[in-house]
Amino acid sequence: MHSASRRRQAEALLASGMTLSACARLCGVARSTLRTWRDGGLTPRASECPRCADVPLHPEVYAALLGYYLGDGCLSQARRCWTLRITCDATYPAIITEVRRLVELTHPSAATHLVPAPGCVVVQKAWTHWTCVLPQHGPGPKHGRPIVLEDWQRVIVEAHPAPFLRGLFHSDGSRVHNRVHRLVAGELRHYVYPRWQFSNRSADIRELCCWALDLVDVPWRRSNRHHISVSTRAGVARLDGLIGLKQ
Ligand SMILES: [Zn+2]
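What follows is the structure in structure tokens.
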């Protein structure tokens, strides 16, 4: 078994045009192994964990998956394996499709299951390495323990706040309409203002949401104990453009 660093070194040499034979001599790796690595591309093999292999995760895929996990995801342990479950509202099929795609791109091998439940669909997949890529797992509900991103996660979200916000708002958020009645020149007028709202019982996750909104210059406010609101016309329009509507 060769180390991840040995594989990266060999892949870099092959990508630069070095022949299999020359690379085999230099790296001490069999030509057949090098051919497998080369033909498999520079991405990790399906069974590998990007964190353990020290291979970069796809940043936009990961940022969105992290958002969905912090919103409506959980990890549970069964023997030596972890099961990731992300609960999706059954009324938004495009979100279910996206969550499934994100899970499969992060861990391509093994089956992803869609498990129906009352009013929702649970996207579910087992993997021994889920806690490597989602290290916020811990005992008890997320709002009962600190949720702190590791440095490598913060780097990804800082570079890609929009997919992270999409994951958060498309799981624990909603786009609602505020109806306002005003008397204008003696006449009662009705106005409707769209507003995004994020709701989570974890103060740390709400803070992460506010941090990401600051990164994209979307103004927000705390509308009550568990809610963050984006309600200015420009802020709602910008967030619409960044994360899209729930569908
Ligand atoms: Zn791992």
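To convert, note that position 136 of the sequence shown is 135 in numbering that gives the first Met the number 0; the numbers rise steadily by one, no gaps. We treat Cβ as the ideally placed atom computed from N, Cα and C, and that holds for glycine.
DSSP, read as helix, strand or coil, puts His159 in coil. Taken atom to atom, the span from the alpha-carbon of Leu25 to that of Leu12 is near 10 Å. Arg188: member of the beta strand (DSSP E) spanning 186-198, first to last residue. Annotation for Pro145: Asp203 place their beta carbon closer than 7 Å to its own, counting only its chain and skipping 5 residues before and after. At the C-beta level, Val215 and Val229 stay beyond 8 Å of one another. With respect to the 8 Å criterion, Ala110 and Trp81 are not classified as neighbours on the basis of their beta carbons. Shown here, Cys26 sits in a helix according to DSSP, grouped into three states. Residue pairing of Asp88 in beta bridges, as defined by DSSP: Cys119. Not one heavy atom of ligand 1 sits closer than 7 Å to the Cβ of His136. Phe163 sits away from Phe197, with the two beta carbons spaced by 8 Å or more. Of the residues Pro92, Pro160, Gly137, the one whose Cα lies closest to the Cα of Ser75 is Gly137. Within its own chain, the residues whose Cβ lies closer than 6 Å to the Cβ of Ala211, once the five positions on either side in sequence are excluded, are Pro160, Phe163, Leu164, listed in chain order. Under DSSP, Ile227 shares a beta bridge with Phe197, Arg221. Rounded to the nearest whole angstrom, the C-alpha separation of Trp129 and Ser108 is 13 Å. For Leu133 against Tyr68, the beta-carbon gap comes to about 5 Å, under 8 Å, which counts as contact. An exposed status is given to Pro140, since fewer than 16 other beta-carbon atoms sit within 10 Å of its beta-carbon. The beta carbon of Asp71 lies closer than 8 Å to those of Ile85, Thr86, Cys87, Ser170, Asp171 in the same chain, with the five residues before and after it left out.
For the pair Asp38 and Arg100, the Cα-to-Cα distance works out to about 24 Å.
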